[in-house]
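**Student:** Residue numbers are given in my numbering: position 560 of the sequence shown equals residue 736, and the series is strictly consecutive.
Questions regarding the structure given below will be posed in turn.
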Amino acid sequence: MRRVLAPFSSLAFVCAFALAAAAQGNPPVPSPPSGPVNPPVAPGAAPATPSAQPSPTPPQAAPTAAPPATSPAPVVPGESPPPPGESPLPLASPTQPPIIVEPPQLSVEPSKTVMARINSSLGTVNAVVADATIATAIVDQAQRVLYVTGVKVGTTTVTITDSRGVTRDVQVVVAYAAGSVADQTTLHVTGNPASTQYLREAIAQAVSNAATLRSGASITVTPETIPVRRDLSIDDRVELDVQAQITGAGYLPVSGVTHVIVENIALPSIQPARLLVSDYPERLTANGVLFTARLDRTQAQRFLYYHYNPGTEPGRRILLKAANTSNAPATVQMIEGDAGPGVNEMEIGHLSTKRFLVRNARNEGRVVTIPSGSTVNLVDHMLPPQNIVSAVLQLRLVTGDPVQLALIAQDALAPLDQTIDQTQLLVGGAPHARGVYPVPTFYFNTDYNVDGDDLDLPIGQLPLPNLRQGEALSGDYGVEQVLEVVISNMTRGPKAIALYANPRGGRATGTFLIDGTLVQAHALAAFSRFKIWQETIRAGTYRRIRIVTMPEGGSSYPLRLTFAQDDGSVAPGAPGSPIY
177 MRRVLAPFSS LAFVCAFALA AAAQGNPPVP SPPSGPVNPP VAPGAAPATP SAQPSPTPPQ
237 AAPTAAPPAT SPAPVVPGES PPPPGESPLP LASPTQPPII VEPPQLSVEP SKTVMARINS
297 SLGTVNAVVA DATIATAIVD QAQRVLYVTG VKVGTTTVTI TDSRGVTRDV QVVVAYAAGS
357 VADQTTLHVT GNPASTQYLR EAIAQAVSNA ATLRSGASIT VTPETIPVRR DLSIDDRVEL
417 DVQAQITGAG YLPVSGVTHV IVENIALPSI QPARLLVSDY PERLTANGVL FTARLDRTQA
477 QRFLYYHYNP GTEPGRRILL KAANTSNAPA TVQMIEGDAG PGVNEMEIGH LSTKRFLVRN
537 ARNEGRVVTI PSGSTVNLVD HMLPPQNIVS AVLQLRLVTG DPVQLALIAQ DALAPLDQTI
597 DQTQLLVGGA PHARGVYPVP TFYFNTDYNV DGDDLDLPIG QLPLPNLRQG EALSGDYGVE
657 QVLEVVISNM TRGPKAIALY ANPRGGRATG TFLIDGTLVQ AHALAAFSRF KIWQETIRAG
717 TYRRIRIVTM PEGGSSYPLR LTFAQDDGSV APGAPGSPIY
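Right, here's the structure in full:
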């Protein structure tokens, strides 16, 4: 019985497997013929002995025509295969890898050559220039490098093609560089010591002066990024690298690094003998000479200029030229407080005065060498339309023969080294001060008793005569005011006193160095009274105080400083006070 059923059980297993496979989507298998699976065994005949590995074969169906063979359709993940009998979709042609050019765009000067790397190309690479009058191009097949040479200013396209027919367009701009950054420059400064803030500004100016710029280009050197870490003492030096960028409309931008050597030279602080003022014409309507003077070693001179360019005028620049006509070099120390360009006249005057007073107190300045038979621009001050520029300078000839100074107004795009007739000075507009004035500094030495009358000290009240033909100097603009006051308290108790600022001519800003501490005043209304300093003086003691100030351009002076008992008003720097 087991031998008879063994073939039958094997056949049933095969049939069940086939039915399960058909249920999963395979094409139907033809049905076997009717009748028993195994033929009956004749009576008396021995049953068939099964083999060790039975492999029953189902009866063959009648032969039918087979469908044509097709390749299985690709199955996209997430999608069902095509139904049985449906033609599969044809496969897409493979995408050719693109040609990659680094950099993808090229900028080059006329008569100069630049290169670009060609990647992912096959076989021979050809380069065709759309306009060969602007640039030419060749390909180094071995190195896979594109070389482009500028011919004239303009733009064009280089098309690269490899053996596959794949192309890549490369835009080419041919223009002149905006300028060049100097490799190295040396800066000589003074200062006891030279502060980090001043050094950064002076270094930025030195890098700008050392660069070569095309007409209309400008250079950017950010002082905050200059890596100065400490003040520079007298006879000390430091070396550092400074980044600079030169740009201009129609030019290729230039970036570079200038190595700067900074040396602090020992020079004593000295007082100037005269004050030079250029405030006429204050409103510029033409180019020309604004002021001339002679600088020699017998005396230092302070120089104030203040000029406005109306909105209807073209852009200008103010240059202070120093000409050395001798056969030996000359050196000039210059302490400068410049401000602008800007549209707020009071702010420009305030910033200029503040910078000068702070730097002059530390003897912070530049030492500039003027080669023999040459002219150097000590100042290059841009002056766009509807803007104001101002500066307070202190000039001192350290070595060499006398040099000639000339303050020039010229077009912003004009060459910096152009010559100009200095025999005629510009005139026009409302009269303002232009000339030489004999007193650059006023000194006040006085006493104040805390239980006595208030002490009033006028600032900018005494007009100065002009040593040249022209207006007297009203308001004492550019004149340093040094006040030394001894405050005494001979009473039996402490006394709270204060120093008040009281504008007498109109709105005014102010800068005060009180015992070396910087105190500033926003615009104060005329005849207002604000406290700029306060202190309690102990009984039976005295206090010496030193105040340095200067009337500020754009403000209406005179101004009165008053020592009086503290009235309890808002303290300097407190909320509600214009003093900071």
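For every residue, glycine included, the Cβ atom is placed at its ideal position computed from N, Cα and C.
Given the structure is predicted, the values throughout are model-derived calculations rather than measurements.
Does the beta-carbon distance from Q509 to L443 come in below 8 angstroms?
**Tutor:** yes
**Student:** Would you identify the three-state DSSP class for M558, choosing helix, strand or coil?
**Tutor:** strand
**Student:** Consult DSSP for A218 and reduce its assignment to one of helix, strand or coil.
**Tutor:** Reliability fails at A218, whose pLDDT of 43 lies under 50, so the model's placement of it is uncertain and the value that follows must be treated cautiously. Residue state, collapsed to three classes: coil.
**Student:** Apart from the five residues just before and just after E489, which ones in its own chain have a Cβ nearer than 7 angstroms to its Cβ?
**Tutor:** Within the same chain, and ignoring the five residues on either side of E489 in sequence, the residues whose Cβ sits closer than 7 angstroms to its Cβ are L460, T461 and P561.
**Student:** Whole angstroms is fine: what's the gap from G299's alpha carbon to D316's?
**Tutor:** 12 angstroms
**Student:** Ends of the beta strand (DSSP E) at M510?
**Tutor:** A506 to G518
**Student:** Would you mind reading off the limits of the beta strand (DSSP E) that contains M666?
**Tutor:** That residue, M666, is in no beta strand (DSSP E); it is neither H nor E in DSSP.
**Student:** Thinking C-alpha only, which one of A358, A351, F467 and V615 is nearest A498?
**Tutor:** F467
**Student:** So who's on the other strand from T366, going by DSSP bridges?
**Tutor:** G541
**Student:** Are the stretch 618–629 and the stretch 471–479 in contact at 8 angstroms, needing three or more beta carbon pairs?
**Tutor:** No, they do not touch.
**Student:** Which residues in the same chain have their Cβ closer than 6 angstroms to the Cβ of G330, if we skip the five residues on either side of it in sequence?
**Tutor:** I310 and V350
**Student:** When the distance is taken between beta carbons, is V436 closer than 8 angstroms to L416?
**Tutor:** yes
**Student:** Give the straight-line distance between the Cα atoms of E400 and V544, rounded to the nearest whole angstrom.
**Tutor:** 23 angstroms
**Student:** Would you mind reading off the limits of the beta strand (DSSP E) that contains N503?
**Tutor:** It is not in any beta strand (DSSP E) - N503 carries neither H nor E in the DSSP assignment.
**Student:** Using CA coordinates, which residue listed in E523, S431, V321 and G464 is at the minimum distance from E728?
**Tutor:** E523
**Student:** Compare the Cα-Cα distances from Q741 to each of P670, T507 and D691 and report the closest residue.
**Tutor:** Closest by C-alpha distance to Q741, out of P670, T507 and D691, is P670.
**Student:** Using 10 angstroms around the beta-carbon of F706, count the other beta-carbons present and answer buried if the total reaches 16, otherwise exposed.
**Tutor:** By the 10 Å Cβ count, F706 comes out buried.
**Student:** Here's the rule I'm using: 16 or more other beta-carbon atoms within 10 Å means buried, otherwise exposed. How should V746 be labelled?
**Tutor:** exposed
**Student:** Between the stretch 354–372 and the stretch 319–334, do at least 3 Cβ pairs fall closer than 8 angstroms?
**Tutor:** no
**Student:** Spatial neighbours of V342 within its chain, please: CB distance less than 7 angstroms, with the 5 preceding and 5 following residues excluded, ordered by chain position.
**Tutor:** Q272, P274 and I275
**Student:** With a 10 Å radius around its C-beta and 16 neighbouring C-beta atoms as the bar for buried, classify N500 as buried or exposed.
**Tutor:** buried
**Student:** How far does the beta strand (DSSP E) with S283 in it reach, from first residue to last?
**Tutor:** Q281 to V284
**Student:** Classify Q319 as buried or exposed, calling it buried when 16 or more other Cβ atoms lie within 10 Å of its own Cβ.
**Tutor:** exposed
**Student:** With a CB to CB cut of under 6 angstroms and the five nearest residues on each side skipped, what residues in its chain are close to L496?
**Tutor:** L554, V555 and L583
**Student:** Between L589, K530, P457 and A697, which has its C-alpha nearest A606's C-alpha?
**Tutor:** Nearest in C-alpha terms to A606, of all of L589, K530, P457 and A697, is P457.
**Student:** Helix, strand or coil for M522? Go by DSSP, reduced to three states.
**Tutor:** helix
**Student:** According to DSSP, simplified to helix, strand and coil, what is K707?
**Tutor:** strand
**Student:** DSSP puts N553 in a beta bridge; with which residues?
**Tutor:** Answer is K497, bridged to N553.
**Student:** CB A585 to CB N463, shorter than 8 angstroms?
**Tutor:** yes
**Student:** Just verifying my parser: in three-state terms, what is the DSSP assignment at V433?
**Tutor:** DSSP, read as helix, strand or coil, puts V433 in strand.
**Student:** Looking only at its own chain, which residues have a Cβ that is under 6 angstroms from the Cβ of I511, when we skip the five neighbours before and after it?
**Tutor:** Close CB contacts of I511 within its chain, under the 6 angstroms cut and outside five residues either way in sequence, are with R535, N536, G541 and Q570 (chain order).
**Student:** So, for S528: in the same chain, excluding its five sequence neighbours on each side, which residues have a beta-carbon less than 7 angstroms away from its beta-carbon?
**Tutor:** Answer for S528: G513, D514, A515, S566, A567, V568 and G729, listed in chain order.
**Student:** When we look at the beta-carbon of F739 and count the other beta-carbons within 10 Å, is it buried (16 or more) or exposed?
**Tutor:** buried
**Student:** In terms of alpha-carbon separation, which member of L643, A715, Q657 and T693 lies closest to D627?
**Tutor:** D627 has its Cα closest to that of A715, out of L643, A715, Q657 and T693.
**Student:** Let me check one thing: in DSSP terms, what residues is L675 bridge-paired to?
**Tutor:** W709 and F739
**Student:** Quick one: what's Q580 bridged to in DSSP?
**Tutor:** R470 and A499
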